[in-house]
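In our numbering, the protein residues as written are 704 to 835.
Built from N, CA and C at the ideal position, the CB exists for glycine as well.
A quick note: this is a predicted structure, and the numbers were derived from the prediction, not measured.
Notes to accompany the following structure.
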């Protein structure tokens, strides 16, 4: 993960330089703001990856003599089944449709969003997956 952190921090330096040059030459606030926001996002991701790399084992991507097969194996834990993303997606879809058709639809979709979000966060605290 060290190399990914360095790549994102390098991208952040490039975006900062680009934002400064673009802002000085174009005097256009929207593109300049977008570039500065992209710089901030790259810094956050690069810092997280560099910070996390100190706490986890060295991966195959950090070893210059590693083979592709060295990175094989278990990646992590993923939820085998969940209905919560469906509720969250439907709530978000109705919420965005509310912007186009009427704000009343946003208020109708809010409970669906909250139920989906609450269910997704607390999915492993109740039911058959309680012990995982």
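Item	Value
Return yes when the Cβ of residue 819 is within less than 7 Å of the Cβ of residue 809, no when it is not.	no
Just reading off the alpha helix (DSSP H) that residue 764 is part of, what are its end residues?	Premise fails: residue 764 is in no alpha helix (DSSP H) and is neither H nor E.
Let me know if residue 738 comes out buried or exposed under the rule of 16 or more other beta-carbons within 10 Å of its beta-carbon.	buried
I need the straight-line Cα distance from residue 821 to residue 725, nearest angstrom please.	43 Å
Considering only their Cβ atoms, is the gap separating residue 719 from residue 749 smaller than 7 Å?	no
When DSSP labels each residue in this structure, what does residue 782 get in the three-state scheme?	coil
Using the rule of at least 16 other Cβ atoms within 10 Å of the residue's Cβ for burial, across every protein chain shown, is residue 796 buried or exposed?	exposed
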